[in-house]
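The next block holds one structure in the form of structure tokens; read it before the comments.
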Amino acid sequence: ITQFIADSIGKEEEVEDVTDLAEVVYQKTMGNIFCVMQAMEELVRKNALYYDMMCFEWRWAVSKVELSTTISDDVVDTVKGKIKELSNEIQHLLIVMAYVPNALEVPVLTE
152 ITQFIADSIG KEEEVEDVTD LAEVVYQKTM GNIFCVMQAM EELVRKNALY
202 YDMMCFEWRW AVSKVELSTT ISDDVVDTVK GKIKELSNEI QHLLIVMAYV
252 PNALEVPVLT E
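Residue 262, in this note's numbering, is where the sequence shown stops; the numbers in between run on with no holes.
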């Protein structure tokens with residue numbers, strides 16, 4: 152998980168710099184890669200993890216304790232929250248798509 156996070160935020164050469172962040176993310180996700188990606192997105196959405204335009208690098212300005220309270224304990228709640236932020240039209244489309252076979256082509260979605 153540490154290497155994945157380091158690669159994701161451009162710290163491939165400084166893996167030890169992301170150890171605290173990786174520990175918190177691992178504790179919340181137990182290493183499930185889908186959950187790790189959701190947790191990282193949540194940190195960005197909540198500005199706990201941000202890209203510093205002056206230094207051209209990703210930073211986090213909170214302690215391990217603050218990071219752990221920023222990340223939701225339940226990835227399902229996180230995904231539900233993201234869906235609720237979508238427009239009603241898109242939410243309805245997702246409901247319909249849940250019943251459509253996987254053979255649906257992208258051009259059909261754009262119509």
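All C-beta atoms, glycine included, are put in the ideal place defined by N, C-alpha and C.
Bridge partners - residue i, DSSP secondary structure assignment
i, result
"TYR201", "ARG210"
8 angstroms Cβ cutoff met for residue i and residue j
i, j, result
"ILE234", "LEU245", "yes"
"GLU193", "THR170", "no"
Spatial neighbours of residue i in its chain, beta-carbon cut-off 7 angstroms, leaving aside the 5 residues before and after
i, result
"ALA173", "ILE152, THR153 and ILE156"
"ASP298", "No answer is possible for residue 298: the residues shown for the chain start at 152 and end at 262."
Residue i - containing alpha helix (DSSP H), residue span
i, result
"TYR112", "Limits of the chain in this structure are 152 at one end and 262 at the other, which puts residue 112 out of reach."
"ASN239", "239 to 248"
Neighbourhood of residue i by C-beta, 8 angstroms cutoff - its chain only, sequence neighbours within 5 removed
i, result
"TYR202", "GLU208, TRP209 and ARG210"
Open item on the list: Contact between the region 172 to 184 and the region 221 to 229 is defined here as three or more beta-carbon pairs at a separation below 8 angstroms; is this criterion met?
Closed with: yes
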